[in-house]
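Peer 1: What follows is a structure written as structure tokens; I'll ask about it next.
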Amino acid sequence: MAENAKKTYAGFVALVGAPNAGKSTLLNKLMGQKISIVSPKAQTTRIRTLGILTEDDTQIIFIDTPGLFAPKTRLDRAMVQAAWQSLEDADAIVLLVDASTRKPDESLSILTDELKRRKKSAILALNKVDAVDPTRLLPLAQKANETGVFSEVFMISARTGSGVEDLHVALKKRIPESPFYYDEDQICDLPTQILAAEMTREQLYRQLQQELPYAAAVLPESLEEKEDGSLVIRQTIIVTRATHRPIVLGKGGARIKSIGEKARADLTRLFERKVHLFLEVKADEKWQDRPAFYRMFGLDYGKRT
Ligand SMILES: Nc1nc2c(ncn2[C@@H]2O[C@H](COP(=O)(O)OP(=O)(O)OP(=O)(O)O)[C@@H](O)[C@H]2O)c(=O)[nH]1
Ligand SMILES: [Mg+2]
């Protein structure tokens, strides 16, 4: 029997980079569907999210991570820690750099030094080439090559998909022979309710101004399947201040309605069925200090206060 068994390949690819580099956008592009949330605000991803792509004999497990930055708060520390940790489990590392920023070389050199310190080699993906003057890319790629940290350099647009297939092919080559880690039809490792709560959190990032989304969380309350196959999902949006509550609700409830509508549309696509979404807004000054919250989202609460 064993001799006839088909060879399979499976492994982990970590997507790392500064906040806003486009890691989650790239994950969704590689997966061909949205499983990780994306917004123009930095530090959108809080939880390490696995995207599981099984094609024929190969299973690539992409690890989307929170952005790497200098942490200030407890939540920041837990996020950055989770991101660095993901490198330890990876068969390949993709360092994503937003080439469209004013000084992409600064972000590149900080992260390159850190990879060196950790004795890791990576593939560099210069992202957002759709928004960059191409003459700026070559010097950046050259500089990266000189560091000796990168085995390959790709120029991609996670948004348009340009260059993403080449990157995918290169990654596939690095996946070792191994049994599959996940069921062939599983696409994500987040519990369904948390994945659903993330879709709502994306709307907080997209629809609320400035700092408010950073001080907010979305807690899953329940998810039930009705007899007709539709899903009833209840979630609570937690804000840190009572004064934030009316902002999230909006005039006559208009904002919360819009948040709910957009999240529901995503959930309908994700679960491929009718979804009823009920949102409540509560204030809890201390949610960022509650260990239970970190446990629920798989983050390390840490010791330092
Ligand atoms: N023009 C352009 N924008 C992009 C591209 N990739 C991502 N973006 C945009 O960049 C912003 C950040 O994208 P995300 O995918 O959320 O970035 P991230 O690296 O996951 O960010 P964090 O989770 O905050 O660390 C979003 O507004 C994306 O639409 C790209 O290739 N071109
Ligand atoms: Mg992200």
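First residue of the sequence shown: 1, per my numbering; consecutive thereafter.
Each residue gets a CB set at the ideal place from its N, CA and C atoms; glycine is no exception.
1. Taking the straight line between their C-alpha atoms, what separation do you get for T305 and V132?
2. Return yes when at least one heavy atom of ligand 2 lies under 8 Å from the C-beta of I37, else no.
3. Hey, would you say the C-beta of T45 is under 8 Å away from at least one heavy atom of ligand 2?
4. Is the distance from the Cβ of T30 to the Cβ of L50 below 9 Å?
5. Tell me the rounded alpha-carbon separation between E202 and S258.
6. Measure how close the beta-carbons of Y181 and Q59 come, nearest whole angstrom, since I'm counting them as under 8 Å.
7. Alpha carbon to alpha carbon, how far is P291 from R118?
8. Can you find a heavy atom of ligand 1 that lies under 8 Å from the Cβ of A325?
9. Are the Cβ atoms of V153 and I123 separated by less than 9 Å?
10. At which residue ranges does the region 169-208 contain complete alpha helix (DSSP H) runs of 4 or more residues, listed in the order of the chain?
11. Beta strand (DSSP E) containing L75: first to last residue?
12. Give a single yes or no on whether K23 has its beta carbon closer than 8 Å to a heavy atom of ligand 2.
13. Check for me: the alpha helix (DSSP H) holding S258 runs from which residue to which?
14. Hey, would you say K353 sits closer than 9 Å to I237, going by beta carbons?
15. Looking at S230 and V275, is the spacing between their C-beta atoms short of 9 Å?
16. For ligand 2, is there any heavy atom lying closer than 8 Å to the beta carbon of D289?
17. Assess, as a yes-or-no matter, whether the region 102-113 is touched by the region 136-153 under the definition of 3 or more beta carbon pairs within less than 8 Å.
18. When every heavy atom of ligand 2 is checked, does at least one fall within less than 8 Å of the C-beta of P71?
19. Does any heavy atom of ligand 2 sit closer than 8 Å to the C-beta of G67?
20. Expressed to the nearest angstrom, what Euclidean distance is found between the alpha-carbon atoms of L75 and K6?
21. Buried or exposed, going by whether 16 or more other CB atoms sit within 10 Å of the CB of T243?
22. Taking just the CA atoms, how far does A90 sit from E272?
23. Buried or exposed for A216, please, with buried defined as at least 16 other CB atoms from any protein chain shown within 10 angstroms of its CB.
24. Look at L171 and A92 and say whether their C-beta atoms are less than 9 Å apart.
25. State buried or exposed for K116, treating a residue as buried only when at least 16 other CB atoms are found within 10 Å of its CB.
26. Nearest CA to the CA of T101: which residue from E55, P19, G11?
27. What's the gap between the Cα of Q186 and the Cα of R159?
28. Over the uninterrupted beta strand (DSSP E) stretch that includes L50, give me the two end residues.
Peer 2: Here's the rundown:
1. For the purposes of this step, residue 305 is identified with residue 305 of the sequence shown, where counting begins at 1. For the purposes of this step, residue 132 is identified with residue 132 of the sequence shown, where counting begins at 1. Residue placement at T305 cannot be trusted, given a pLDDT of 45 that sits under 50; what the coordinates show is reported in the next sentence. If you take the alpha carbons of T305 and V132, they lie about 41 Å apart.
2. One-based indexing of the sequence shown puts residue 37 at position 37. Within the cutoff, so yes.
3. Counted from its first residue, the sequence shown places residue 45 at position 45. Yes, ligand 2 has a heavy atom inside 8 Å of this Cβ.
4. For this step, residue 30 is matched to residue 30 along the sequence shown. For this step, residue 50 is matched to residue 50 along the sequence shown. Per the sequence shown, residue 30 should be read as Leu rather than Thr. Not closer than 9 Å, so no.
5. Here residue 202 refers to the residue found at position 202 when the sequence shown is read from its first residue. Here residue 258 refers to the residue found at position 258 when the sequence shown is read from its first residue. Rounded to the nearest angstrom, the two C-alpha atoms are 12 Å apart.
6. Within the sequence shown, numbered from 1, the residue matching residue 181 stands at position 181. Within the sequence shown, numbered from 1, the residue matching residue 59 stands at position 59. Yes, they are in contact, since the Cβ atoms of Y181 and Q59 sit about 7 Å apart, within 8 Å.
7. On the sequence shown, residue 291 is found 291 positions in, with the first residue counted as 1. On the sequence shown, residue 118 is found 118 positions in, with the first residue counted as 1. Between the C-alpha atoms of P291 and R118 there is a straight-line separation of about 29 Å.
8. Since the first and last residues shown for the chain are 1 and 305, residue 325 lies out of range.
9. For the purposes of this step, residue 153 is taken as residue 153 along the sequence shown, with counting starting at 1. For the purposes of this step, residue 123 is taken as residue 123 along the sequence shown, with counting starting at 1. Taking 9 Å as the Cβ cut-off, V153 and I123 qualify as a contacting pair.
10. Listed in chain order, the complete alpha helix (DSSP H) runs (minimum 4 residues) inside the region 169-208 are 192-207.
11. As a first step, residue 75 is located in the sequence shown; it is residue number 75 there, counting from the start. Looking at the DSSP string, L75 is not in any beta strand (DSSP E); the run it does join, the alpha helix (DSSP H), is 74-88.
12. By 1-based counting over the sequence shown, the position of residue 23 is 23. Because some heavy atom of ligand 2 lies under 8 Å away, the Cβ of K23 counts as near it: yes.
13. Translated into the one-based positions of the sequence shown, residue 258 becomes position 258. Looking at the DSSP string, the run of the alpha helix (DSSP H) that includes S258 is 254-271.
14. Absent from the model: residue 353. The displayed extent of the chain is 1 to 305, so no value can be given.
15. By 1-based counting over the sequence shown, the position of residue 275 is 275. By 1-based counting over the sequence shown, the position of residue 230 is 230. With a cutoff of 9 Å on beta-carbon distance, V275 and S230 are scored as near each other.
16. Walking along the sequence shown from the start, residue 289 turns up at place 289. Placement of the Cβ of D289 at a distance of 8 Å or more from every heavy atom of ligand 2 is found.
17. A contact exists between the region 136-153 and the region 102-113.
18. Start at 1 with the first residue of the sequence shown, and residue 71 comes out as number 71. Checking every heavy atom of ligand 2 against the Cβ of P71, none is found closer than 8 Å.
19. On the sequence shown, residue 67 is found 67 positions in, with the first residue counted as 1. Because some heavy atom of ligand 2 lies under 8 Å away, the Cβ of G67 counts as near it: yes.
20. Translated into positions along the sequence shown, residue 75 becomes position 75. Translated into positions along the sequence shown, residue 6 becomes position 6. Rounded to whole angstroms, L75 to K6 spans 44 Å at the Cα level.
21. Working through the sequence shown from its first residue, we reach residue 243 at position 243. Of the residues assessed, T243 falls on the exposed side of the cut-off, its CB having fewer than 16 other CB atoms within 10 angstroms.
22. Mapped onto the sequence shown, residue 272 falls at position 272. Mapped onto the sequence shown, residue 90 falls at position 90. Distance between the alpha carbons of E272 and A90: 31 Å.
23. Your numbering for residue 216 matches position 216 in the sequence shown. Around the beta carbon of A216, 16 or more other beta carbons lie within 10 angstroms, which makes this residue buried.
24. Indexing the sequence shown from 1 puts residue 171 at position 171. Indexing the sequence shown from 1 puts residue 92 at position 92. Closer than 9 Å, so yes.
25. Within the sequence shown, residue 116 is the residue found at index 116, counting from 1. Its Cβ having fewer than 16 others within 10 Å, K116 is exposed.
26. Numbered from its first residue, the sequence shown carries residue 101 at position 101. That would be P19, whose Cα lies nearest to the Cα of T101.
27. The count along the sequence shown starts at 1 and reaches residue 186 at position 186. The count along the sequence shown starts at 1 and reaches residue 159 at position 159. Annotation: Q186 to R159 spans about 24 Å, alpha carbon to alpha carbon.
28. Within the sequence shown, the letter at position 50 stands for residue 50. It spans 49-55 - the beta strand (DSSP E) in which L50 sits, taken as one unbroken run.
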